[in-house]
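What follows is a single structure, written as C-alpha cells, with notes after it.
Residue numbers (the working numbering): 55 to 946.
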C-alpha cells in the first residue's frame, strides 16, 4: 500500500490513546503524559476500559463512546487485545494505528507466535486500508504539531531533521541527545517490527515533507528491497539521508558454491545498496549523533575544501590528519587572503592552512581571521577550533566567532576542546545556530557527512557512456541452462559456462573437450603448446581441490600423462564423481596481466549482487573485493572497481602499462545484463579474469543455476529494476516505421538536443516556463529513472528523437501523472496520440488506476488530445490559476 493514508500519520487532526493510564512506571502512563504535555492543538481522546479521568480529561471505556473517528490511534493494550482493536478502528474509519505493544510470544517458539500475531493484525487492518506502524515501537512524535505519542523523552524541540529507527532505544537516545544539544526534529518515527509500514513507506512520505531537511536512519533489516531502493533513490536526490546499519558482523546466511555467493547476506551488500541509492553510511551511534549536529544546524559548505582556524598548532595538525583520513581536502588560501591575515595576525601565525593564530588569540583575533577566510571563495567551510588557556577566554572567543560578519558568509563548524570552559563556548555557538563539537574527529566527520552526500549526488548524476554493441545470444544461454536443469544439474560444466559468457560478449579462452589421454594429446597438438588441461565432471565444482588442473604442458606426452594422473587423483579424492572428459586450452601467456574475479550471486534481501576484486587461487585470502547492485552501467562499474585495492595495479606501475580498465567495466556491464536476462542463473564466478593493456580474458568460470519461480516477470528479484528491453517495440504509423523504447541514462545528449530543437512556445507548454537548455542535473534526473515507478518512452524516427511520453506513479500505484512533448517540426502527424496511447497502455499493464496530467489552459492541442482519449477537465490547482488538471475517467 506504500503511502496510502499516511498523511494522517504526518498531520493528524485527532488522536486517540488506547490504554491510557496514570499507573506509575507503565507505558500507558508515559505515553499519556507526553501526549497531553506536548501542546497538540487537535483533539486528544483517552480510552481505557476502566474509564475515569486523567488530568481533567474524560477517559472513555471503549471506542464506541468516542464523539468522532480519530485520524490516528496509539495502541498500548495487552497483545491479545490488539487484533480486535485494529479491526474495530478500521471499521470506524481510523486511518493509522501506531501499535506500541509487543507480541505475546516468548521462549523457543516465541518468534513463530509473534509472526502469527502480526499476520492477524494485518488481516484485521487491510480490508479497511488501516495502516499499522509497528508493533513493538516506542511511538511517534511530530514536535511541530506538539504531538508526542511515545514513551520516549518529552519536551521535544521542533526542527528539520527526521529520525527514523527500528530500535526504540536508539530513537529515544537521539531524541534525548537532541534536546541536550538544542537540536530539533521534524519527526521521530519508531518502526518496530514493520508488519505493515516499512522504511520505504516512511522515506516516500518524508521526501515530500517540506519541513524535513535531512533524515537520520537506524536500520537493522530491510523488508521490501525494491520499494526501499526506489524510495531511497528518490529522497536522496533532494535531501541528505544518513544511515546506521546494525549487525555488520553477522555470519553469512548460507554456504555457497561460488566465491560471490558467500557474500550474500553480508553487511557489505547493505553498503553497496546504500551507496547505490546515494545514502551516507555511518558506522556507529556517535557518528550518527555527529551527523545530526551538522545537519541540524543546516551546514551547507560553499565548496568541499575546509579551512582550519585554531589557537593551537597541535590540534590543527590533528584535525588535518583526520580530514585527509576521511577523504577530505584542505583549502589552499589565496595570496590576498594570506596578506589580509598578515595585517591582523601576530608575526608567529602559521601563514598557511591550518591557520594557527597562536595560543593567546582573543576574540577580536578570531573574528578578524574568520572574516579573512570568509572572503576567500576557495574556502568551503571553516572549522574554528579552540583550546582553553589561562591567557584568554574560550567563551569570549566563541562569542567573537558567532558575531563575526564572516560567520554570515561562510559556514562555521565549532570545535571547543576541553571541560567546563570549553563547554561554555560550545553553548554560545549552539545558541548562535552553529554546530559545536568537543573533539576534532567528531567535527571533521560532521563536515565530511555533508561532503560525502554532495559527492554521492554528483556520482548519481554522471552520464554513462554506451557499451559497444556486442552479440547477446539470450536464446542460446537459455538452451544451455535449461539443458542442465533437465539433466537435474545445478552447476554448468566449464565449457557450458564459457559458452554462456561468450554469448554475452565476454572474451573467453578457446576450449576443446576430449574424452581420454589420446584425444587430449591430439587436441593439444592442434592448439599448439604449451597448453592447460582440466578435468571435466558435473560432480566436481572446484577442480584444483582434486588435482584436476595441469598447467604449462609442453608436449603430447606431458598432456597424456597429466590426464592419467588427474584421473587417478579424482578416483581417490572424488570417488563418486563421474568423469565426463577433459578440457584442453592454450596456455595463455600474458605476463603483465592482473588476475581479477567477477561474480554474481543472489542476496536474500536485495536480490542479485555483483562482485569485482582480486582473483586467482588466493582470492579468499587476499579478500579484496567490492560489491555493486545491478543493473550496472560503465559509470557504476568504474565506481565499484575503484573501491578495490587491485585497481591500483590495473592503473599501471613502474614498467607495467595500465590495463584496459574500460574492458573490465564492459565485462561487468555484460555480466549484469546476463543475470538480468536469464533468471535461472543463481550464482556465477569468473576467476580468473585476466586484465592487461590488450583487454580481458576469462580463463575459468563457474555458473550455478536453478528454476525460477513460476510466472514471475523478468528480473523481478532485482532490487532495482533493470532496463526493460521487452518494452522496446517497432510501430507502423501513417506509412512511417518508428520505434518506441524506454529512455536510458546515456540518452542525456539525445534528450538535450531534442529540447534545443523545441520552439520556445513548446518548451513553455511542457515545462511551464522558459528553458533554453537542460542543465546536466535536470537531464540526469529525466534520463536516470528507476523503470519501476517512473517510465519514459522515446519515439524515434531512425536515430532522431521526435517525441517523449513520461509516466510517474505514486508509491502505491493508485495514480500516475503523465507528461508529453512532440518535436515542434513533427506536430500534426498524430505522434502525440500514438505516444499517449502507448503510455496509457503501459499504465494499465502496471495496474495503475488513474492517470492525471497538468496542462496549461492555453495548450489547446493537448487539451483536445486528452479529451479525445477520454480524459475530463477539472479546475485549476490551488495557487496555480494557469493550469488545468485532466484525469482519466474511472479505472483504466
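The C-beta atom is built at its ideal place from N, Cα and C for all residues, glycine as well.
So what does residue i bridge to, in DSSP terms?
i: residue 202; result: 195
i: residue 86; result: Beta-bridge pairing links residue 86 to no other residue.
i: residue 603; result: 588
i: residue 800; result: Answer is none; residue 800 lacks a bridge partner.
i: residue 871; result: 862 and 906
i: residue 545; result: 758
i: residue 657; result: 661
i: residue 596; result: DSSP output for residue 596 lists no bridge partner at all.
Since I believe residue j is in contact with residue i (beta carbons under 8 angstroms), could you give me their beta-carbon distance rounded to a whole number of angstroms?
i: residue 831; j: residue 810; result: Their Cβ separation, rounded to whole angstroms, is 17 angstroms, which puts residue 831 and residue 810 out of contact at 8 angstroms.
i: residue 681; j: residue 664; result: 7 angstroms
i: residue 490; j: residue 472; result: Incorrect: roughly 12 angstroms between the Cβ atoms, too far for contact.
i: residue 204; j: residue 193; result: 3 angstroms
i: residue 128; j: residue 69; result: 7 angstroms
i: residue 413; j: residue 366; result: 6 angstroms
i: residue 735; j: residue 759; result: 6 angstroms
i: residue 856; j: residue 846; result: Not really, about 14 angstroms apart at Cβ, beyond 8 angstroms.
i: residue 532; j: residue 817; result: Not really, about 45 angstroms apart at Cβ, beyond 8 angstroms.
i: residue 561; j: residue 752; result: 7 angstroms
i: residue 392; j: residue 423; result: Residue 392 to residue 423, Cβ: 12 angstroms. No contact.
i: residue 179; j: residue 187; result: Not quite, the Cβ-Cβ distance comes to about 11 angstroms (not below 8 angstroms), so this is no contact.
Do you know offhand how far residue i's Cα is from residue j's?
i: residue 677; j: residue 670; result: 11 angstroms
i: residue 332; j: residue 718; result: 24 angstroms
i: residue 132; j: residue 59; result: 25 angstroms
i: residue 547; j: residue 637; result: 10 angstroms
i: residue 710; j: residue 720; result: 22 angstroms
i: residue 401; j: residue 389; result: 17 angstroms
i: residue 258; j: residue 411; result: 48 angstroms
i: residue 662; j: residue 535; result: 18 angstroms
i: residue 165; j: residue 658; result: 19 angstroms
i: residue 415; j: residue 226; result: 40 angstroms
i: residue 840; j: residue 517; result: 15 angstroms
i: residue 234; j: residue 910; result: 50 angstroms
i: residue 143; j: residue 119; result: 13 angstroms
i: residue 784; j: residue 890; result: 16 angstroms
i: residue 140; j: residue 266; result: 30 angstroms
i: residue 340; j: residue 206; result: 19 angstroms
i: residue 408; j: residue 359; result: 12 angstroms
i: residue 498; j: residue 385; result: 14 angstroms
DSSP three-state call for residue i: helix, strand or coil?
i: residue 470; result: strand
i: residue 94; result: coil
i: residue 925; result: strand
i: residue 864; result: coil
i: residue 353; result: coil
i: residue 885; result: helix
i: residue 176; result: helix
i: residue 219; result: strand
i: residue 416; result: coil
i: residue 503; result: helix
i: residue 310; result: Note that residue 310 scores 42 on pLDDT, short of 50, meaning its location in the model is unreliable and no value can be drawn from it.
i: residue 529; result: helix
i: residue 948; result: As shown, the chain starts at 55 and ends at 946. That puts residue 948 outside it, with no answer to give.
i: residue 484; result: helix
i: residue 786; result: strand
i: residue 898; result: helix
i: residue 846; result: strand
i: residue 662; result: strand
i: residue 305; result: With a pLDDT of 42 at residue 305, under the threshold of 50, the modelled position of this residue cannot be trusted, and the question is left open.
i: residue 59; result: coil
i: residue 828; result: coil
i: residue 823; result: coil
i: residue 440; result: strand
i: residue 71; result: strand
i: residue 130; result: coil
Kindly examine the ligand NAD and report whether one of its heavy atoms sits closer than 7 angstroms to the Cβ of residue i.
i: residue 232; result: This structure lacks the ligand NAD, and indeed carries no ligand of any kind.
Hey, does residue i have any beta-carbon neighbour from chain D nearer than 8 angstroms?
i: residue 165; result: Checking the listed chains, one finds no chain D in this structure; it contains a single protein chain.
Discussion item. My parser needs the alpha helix (DSSP H) runs of 4 or more residues fully inside the segment 687–767; what are they?
Written reply: 688–696, 701–704 and 715–731
Practice prompt. Please specify which runs of the beta strand (DSSP E), each continuous and at least 3 residues long, are wholly inside the segment 221–286, giving them in chain order.
Written response: 239–244 and 268–273
Discussion item. To test your reading of the DSSP string, which unbroken alpha helix (DSSP H) runs of 4 or more residues are found completely within the segment 336–403?
Written reply: 339–350, 367–379 and 389–398
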